[in-house]
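**Q** Numbering (my numbering), first residue to last: 2 to 161.
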Ligand code: ZN
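1) With the cut-off set at 9 Å, would you say residue 11 and residue 138 are in Cβ contact?
2) Any heavy atom of ligand 1 inside 8 Å of the beta-carbon of residue 159?
3) Do residue 122 and residue 70 have their C-beta atoms within less than 9 Å of each other?
4) For residue 132, which residues in the same chain have their Cβ closer than 6 Å to its Cβ, ignoring the five residues on either side in sequence?
5) Go ahead and label residue 53 buried or exposed: buried means 16 or more other beta carbons lie within 10 angstroms of its beta carbon, across all protein chains shown.
6) Would you tell me roughly how many angstroms separate the C-alpha atoms of residue 76 and residue 111, rounded to the nearest one?
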């Protein structure tokens with residue numbers, strides 16, 4: 002069957018950056034599993050998967066805007082150390098948590114001072130156009146239960 006709304010899709014991907022250098026791929030682990038049409042993966046990628054079937058492979062180039070957004074320089078900020086949540090010793094390059102009005106947000110630590118740290122709350126892939134190479138592995142119909150929950154159950158999905 003081909004991919005339509007409420008298909009359960011499994012696919013492998015290779016992701017590369019603007020320079021064509023591979024950032025990550027799924028081939029060493031299980032394929033990605035998602036419920037099509039529910040906005041659980043990048044919408045621009047979901048649109049490219051529409052109508053494909055098992056065994057199909059294709060490449061898609063996503064603009065930064067269609068991927069993880071443009072960088073927001075106001076998301077680079079100086080915040081008090083006491084507002085950061087982290088394990089061990091706070092060092093540049095590590096990911097820490099910050100409690101915000103919208104819940105815990107992950108930030109990358111740029112610089113650590115005595116009382117404050119400079120952090121970057123942008124997604125690590127923000128501001129980059131991304132190249133995906135996708136191989137569709139499996140397509141099946143979702144169960145009623147999966148559709149009502151908005152996610153996949155069983156292999157590659159939720160267990161509850
Ligand atoms: Zn569920």
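A virtual CB, placed ideally from N, CA and C, is assigned to each residue, including glycine.
**A** Answer, in terms of the structure:
1) yes
2) yes
3) no
4) In the same chain as residue 132, and ignoring 5 residues on each side of it, the C-beta atoms closer than 6 Å to its own belong to 17 and 62, in chain order.
5) Flag for residue 53 reads buried.
6) 12 Å
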